[in-house]
Structure formats: C-alpha cells, structure tokens
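Residue numbers (the numbering used here), protein chains in the order written: chain W, 37 to 607; chain S, 623 to 968.
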C-alpha cells in the first residue's frame, strides 16, 4: 500500500468515526439490547416466534395495509409535490419565500396538532360542516372525513409534500439551464426537453424524495391512530399496541424487525440507484437557472397551482387558528351564549387556575422547544457533515458503501421499541441517560441525521473537482480549499440541512417513547397534556398553544427563507 | 480505564460524604409516574420543606408504558417510587416483581375494598369511575329518557346514540369493555357487543376523539359516550362561561361503571427507602388526597379527605361498580380485546 492510500484510509476512518460512534451508542446498542431481550422472553424460541407471527393472518393484514397505504400516499405526495417543485425550482415569482415557508409548516407540526386542525376544518363541527349545515339547512354534518382511509392519505400528503418540494425543488433550482437550452436549440419542445434532459438528471433526487416519503408513510403512527381511527393499523401502531397494551414483546420485536428490514432494503436499493445515476452538475446561481413567468398562460397555470396548494396547505391551519379565537358554545344551551371572538384561551394559558406543578408559561415551553431544536441542529450538523463528506469524497470505499444505508435506518425504527431499548441499555454511568433531558436532542438527532446527510451529499457531489484542483495548484492548502471553494458552494445545502434538523426537532413528539421530565415540557407535550382533559377552557388552550407552535414554526421557516436569499447572492 | 473508574468512584464517595456532612443539602426522591399525573406546586413544596428533599417526577408515557419501563429497568430502577399503576395493569407490575412491600400506617383508614394486593406492595391512592356520560340537552330536546343500564343501550330508541373507545388503545375503552365482561359474564359479553353493533355503536381510537369530536355536547352526533364519573363536574369547573349546573350527566346505576383504582409502590432496590415511605405516607394523607380531584379528576381513597364544593354538589359516585379481578384481567386481557376486535371492528 502506498502512503497516499494509507492516508486516504485514515481520513475516511476519521470522517466516519463520530457518526458511527453516535449510532453505535444511541441506536444499535439500545436496539439490539431490546430485540435480544424480547426474543429471549418468548416461550417458542427465536424461530417459533417468527413462525407464529408469519402464520397469523392479522399480522399479514397489518403488513398489507401498511404497504398499501404507504404506496398510495407516496404516489399522491409526488403528484402534489413535483409540479410545485418545478415551479419553485425553475421560476421567479413574487412572495416565493413566504409561500415556501407556508408549505413547509405542516412538516413541523406534531400529529396531535394536525388532527386537531383537520377536526377544526372537516370534523362534524368543523367550519366546513358548520357552513354547509347552515347553508343547506341540514341537521347533521354532510361531510364524514375523520376516521376514514381518505383522512390518512390526505394527512400524509399534507405532511410530506414539503419533502418533495424541498429536495427536488432545490435540485432543480441548481440544475444548469444550458442543458435544457441546448435541447431547445436542437429542436426539442419544452416537454421533450423536460422528458429527455431534466427528468433523467433528476431521477435520483426524485427517487430519494420518494424513498423518504415512503419511509415516513410506512412508519406512520399518530396520523393513523388519531385521524384513521381504530379500524386501521400500520406496523408501528401494531407494535405500540402489542408492547403497551399486551406487553407481548416477542411479537412486537418480530414486527419491529420486519419494519427495520424493509427500511434497510429500501435504503440499500436507494443507495444503489443514486450511486449509478449521480454525476456532477454545475451549481448555478438562482438568477441564471430561474426565469420569470413570461407568458400569460404560464402565469395562469402557476397562479392556479399556487392557489390550489395554498388552499390545501393553509385551510386546516387557518381553521385551527380561527378556532382558537372563536367562542362556540352549542346553540341549544339553555342560557344564551354569545358567539364571537375571544382571547380567553390565550389569557388562560398564563393563568394556571389549578396552580399545578407542571404548568409552565407558553413562553417557557417555546424556549425549551427552541433549545432542544438548537441542540439538535448542532449535533446533527456535527455528525452529518463528516458523514456527508465521506459519502461524496470516498464514494467507492467499502466502508462508505456499507455504512451509507445504515444512516437511514433510525427512520424506519419503531419509536416504542427504541424507547424501551434506551431504558434497558443506557442504564449504567456514564451513559445513564434514561431520565436525562439530553436524551431528547439525541433522539431527535437520530431522526434528523438522515435528512441532514441526504441534503448535504448532492451539494457536495455537485462540486466540480476541477475547481478544487485549480485552487490547489494556485497554492491553496487543504483547509483553504474547503473554506473558499467548498463551503460557499455547500452553504445553502447546510442551511437546508439545518432547517430539516430544526423543524424535525420542533415538531417531534416522543413523549411515549422517552421518559419526559415534566418540568421541561416541549410545546407538543404541553398541547397533549391539555387535550387529555375535559372542559372548554382546556380544549381552547390546546388550540391556542397549537396556534402558537404553528406561528413559531412559520416564523422560523420564513427567517430561514430570508437567509437563503441572502446566502445565494454571495455565490 | 480501570484506574479512571476507581478515581471517579473515589471522587463520588468524597462528594457524597461532603454532601452528607452538610445537613442543609436536600436529598433527592424520584417518583416515576404516568403522563396524566398532576399535582399542585404548593402541595409538593410543603412535602419538600418538611422532609428536606427535592422531589423529581419522571413522566413515562401512559400507565401501560410506564409499567413496561419499570419492569424492564428492574435491575437498575429509574426511580424510588412508582405511582399510577391501576387495577388493569396491576398484575403486570406484581408479576414483574418491581415493588418492595410497605405497610403504611394510614392503610388502617382506607376501606378494604380498595386494597387489591394483600402483601402491600401496591397501595391504593385514588379511584375514578369510567361511566356512561350523556348530553342533558339532547335528551331534554328529544323528550327521551336517558339510559339507566347497559341493557338499555341495545334498545331501538338508543340506536345510533352511543360512542365508545377502542379498548386496545384507550384506557377508558378498556375499562368499559371490562364493565361489560364483569356485568354480562365471559360467555355473554360478546353477544351484548354484537347487539351494540347492530344498534350502530361508534368506536373511536381515544378518549379525546370521543369527547371532543363524537359527543353531541361538543357538536358531534352522539349524545351518549364513555367517559369518567368526574367529567360532569369538571365541565362545570372549566366552562368557558360560568354555568349553573353541568351540561352533562354520568350514569351511575348499579353494574354500569368500572372502577379504576390507582396504586403507589416503593421500587425494589431504592437507596432512599425512608424518603419513599415518607412520600407514600404523604400521598395517603388528606393534604395530598384533597389536591387530587382538581388536578387529576380522581378521588381520594382516604375517607378523611374532603372534596371541593363542585364535586360535593355534582359528582355522582356509583354504589356498586362492576368488579373484575386484576388477575383475570391480566390473564384474559389479550383474548377479550382480540375477541372484541373481531366482533366489533371486523
């Protein structure tokens, strides 16, 4: 082995060390501990448990349903997201940053909030049903949306369209426009240019987005439980039920393993696909890759698309926000009750009439949530940058090819199972983190890491090697090459990655999986606490706090959009 | 590595000794509990002041998740005390062997019907009844008598009026299923559910959905739902505008409600046995017992504790709720739920 190669291997190992150590400690160790323990608990032995599970028709029903709804949801999400991604990636139009921020908000919201929002819009007493009943003089609500298969699909599209928009839209905004222009010069029409130039180049990123969306739908929990209702069960719901309801750990472990293996297969497939298809594409400034909507027809199409998207994404959110300000006692109350606007629910948030030990002012819950989110961003970037670097610089190394799919595994892992894994594995000092607030950013990082890496790698890949070589021959040292060539080019991708980490942390609701310190509640946990209690004021406060979370999320998104524009001007 | 460990242990011992030397430094007591646990700040502070202790609460999911975590961490317990395991999960905790017995002196005051563990590993703290609730206005408007028994719900006049929770995912849902098992017997409860299905019962996944979406009080379609005996007075206390009386009512006729009793126990292996005992004594004393109703909407097992006026006026407590033996629940829970799922959801 020559010295160069040895040096290269050392560098590769050094790059992989932090993310691998993190995964080993906080993912593989807890997971193997709990799966091992679970399988040992069964009376039937390891093989027997599997045999019993696979012979059970209810397990197959769950598997069937899980795949079926995830496939449908992914297709619908792509159909909703790709046209918008094209519009956002290739065109300039007013209020773009604001619109992008709005479309990204759902991704941050915890499922309890989304369920409440859809209820406020489409529930039996949602705005739509109330309006229709009044208008048509009906006595019962005409729209039956909650607890249907449609509710699950719609909620999945509502959640995950922003993944497509962000990943594919960002890619298209960087795609060299000369490629399409060349095709047009040679006589292709716009459709052909898209079909034979843009689309083939974009397939890896579309596939990547689809895989992420699929994994999210495949492991869906809250949406299915809260909006789908009791007749639907995905694998994750069934794992929760087997673990918590029945303490049937062996069966839960089999289901967890099936979910894990499926995710692993998907990510390996994905890694193969993208490795074959990726090639350097020059990063272009948005000004060059994007054009204004010039023709009337284009403006009409774009306007229609944006209006439809806006209606879909903002109406549940607006319904939720308006509900938190509305006084809506039932009509047939003997005493006449005013209908109208009220700030009571917001006032009550700070009031705490029960003087409970665990009531924290909303500002504190927001600060705690933001603190965890900031911690997640730092941790996820610190681990994700070296991993992404290794993935793009040492693509063919065996280590890289082995580790790559593993990064995505936490996404496909049952939170309930992993939560129990933390309990039994991290129980000795110095790792006794079972009741530590540190566990929250750590768990959030596990979920955010794949997103961070996936958004960084394409940007790192797309750096043309010649640029670095030129810099090197001009006398720049390795650090200078990174600082002045790579970093500016990667800056935007880092920002997108940070957004992912931040938003995932803000909306994550893992109270059932992780031991929560009630004195440090995040916003979702505070909302969940209020929802569990009867009474108009409690429900109203949950609505108010949900609205605040939504506003914080939208504000954060908007801020990031601002920074993005500032950053890209530097290129 | 070895030396490092040794050094850190030495350091710890030194620090601990230093702490012990200072009597003012409060010790720590950790209480593991479920997500619904609430307590007044003043109540905890008074305990902390008297015992020179800092109480740390760990919320560990719903009651089932909490017991799972306690059982799985048995070798290295997460806390000194566990509070909130109820009679539907009691057997799982006792079989998991997580508690040390403690014969608290105050047990003498507490009625025997609440004591389900003869070895005093799990001590009763509070109870709450899962009962049918109905929307008073609906029955007044429609000139219909509210139901007064489980059997009533299968009659044609109550068709399409009832919403319940899935026992697989909801604690009141499971309690109501157990009420039917206890009332009709293991042979007949499924026939009853079949009749409910024919009478168009609506099943929701959780209590929140039943209460805030299905219940006609909250704008839904169903004027009868499964909720708690405490829900009507709580509606009054947390009304948006002051009400003269609760808008809802609980059905507490004999054999219609299921009583959930919550227990506390000292976790095996605690280093703070004395503090744990003090905490349990405190939980059973009127100071804590009187705080529970408004915080958690559950009621004292200690008869010396007094209730707030709203509860005195409007709380209906069933005289003879349905009883199902915790061991039967542990043995049959899976079968009952699976059979219920087959009958009602498929």
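Using N, Cα and C, we set each Cβ at its ideal position, and we do this for glycine too.
At a beta-carbon threshold of 7 Å, the residues of chain S lying near residue 459 of chain W are 691, 694 and 695, ordered along the chain.
Under the DSSP definition of a beta bridge, residue 552 of chain W partners with S/681. Shown here, residue 931 of chain S sits in a helix according to DSSP, grouped into three states.
Here residue 826 of chain S carries a strand assignment [DSSP, helix/strand/coil]. Three or more beta-carbon pairs drawn from the region 572 to 586 of chain W and the region 850 to 869 of chain S are found closer than 8 Å, and the two stretches are therefore classed as touching. Taken through DSSP and simplified to helix, strand or coil, residue 676 of chain S comes out as strand. The criterion of a C-beta distance shorter than 7 Å is not satisfied by residue 823 of chain S and residue 880 of chain S. Residue pairing by DSSP places residue 662 of chain S opposite W/392 in a beta bridge. Taken atom to atom, the span from the alpha-carbon of residue 330 of chain W to that of residue 111 of chain W is near 31 Å. A direct Cα-to-Cα measurement between residue 128 of chain W and residue 402 of chain W gives close to 34 Å. Between the region 262 to 282 of chain W and the region 836 to 850 of chain S, the count of C-beta pairs closer than 8 Å stays below three; the two stretches do not touch.
Contact between residue 719 of chain S and residue 888 of chain S does not hold, since their C-beta atoms are separated by about 13 Å, which reaches or exceeds 8 Å.
Linking residue 851 of chain S to residue 905 of chain S through their CA atoms gives a straight-line distance of about 22 Å. In the DSSP assignment, residue 787 of chain S falls within the unbroken beta strand (DSSP E) covering 784 to 787. Among the residues facing chain W, residue 938 of chain S is not included, as its CB has no counterpart in that chain under 7 Å away. Taking all protein chains in view, the Cβ of residue 105 of chain W is crowded by 16 or more other Cβ atoms within 10 Å, so the residue is classified as buried.
Using beta-carbon distances, residue 687 of chain S counts as an interface residue toward chain W, with a partner under 7 Å. Excluding sequence positions up to five before and after residue 377 of chain W, its CB lies within less than 8 Å of the CB of 361, 362 and 363, all in the same chain and listed in chain order.
With the criterion set as a beta carbon lying under 7 Å from some beta carbon of chain S, the members of the region 243 to 270 of chain W are 261, 262, 265, 266 and 267, in sequence order.
Under the Cβ distance rule, residue 790 of chain S counts among the residues neighbouring chain W, one pair being separated by less than 7 Å. If you keep only unbroken beta strand (DSSP E) runs of at least 3 residues inside the region 763 to 813 of chain S, you get 784 to 787. Within the region 649 to 681 of chain S, contact with chain W at the beta-carbon level (separation under 7 Å) is assigned to 657, 658, 660, 661, 662, 663, 664, 666, 679, 680 and 681.
When DSSP states are grouped into helix, strand and coil, residue 816 of chain S belongs to the helix group.
Non-local beta-carbon contacts of residue 426 of chain W in its own chain, meaning distances under 7 Å to residues more than five positions away in sequence, involve 48, 51, 52 and 436 in chain order. At least 7 Å separates the CB of residue 752 of chain S from every CB of chain W. For the region 219 to 245 of chain W, the set of positions with a beta-carbon nearer than 7 Å to some beta-carbon of chain S is empty. Contact note: residue 552 of chain W reaches chain S through 681, using a C-beta cutoff of 7 Å and chain order.
Within the region 269 to 284 of chain W, the residues whose Cβ lies closer than 7 Å to any Cβ of chain S are, in chain order, 277, 279, 280, 281, 282 and 283. Interface flag for residue 463 of chain W against chain S is set, since a Cβ pair is found closer than 7 Å. A Cβ-Cβ separation of about 18 Å leaves residue 923 of chain S out of contact with residue 721 of chain S under the 8 Å criterion. For residue 859 of chain S, the enclosing alpha helix (DSSP H) begins and ends at 853 to 859. Going by C-alpha positions, residue 915 of chain S is about 13 Å away from residue 854 of chain S.
In this structure, residue 260 of chain W lies away from residue 564 of chain W, with their beta-carbon atoms at least 7 Å apart. Chain W places a beta carbon closer than 7 Å to that of residue 714 of chain S, counting this residue as a contact. Legend: CB atoms of the region 715 to 742 of chain S lying less than 8 Å from CB atoms of chain W are not found in any residue. Within the same chain, 329 come within 7 Å of residue 335 of chain W by CB-CB distance, once the 5 residues on both sides are set aside.
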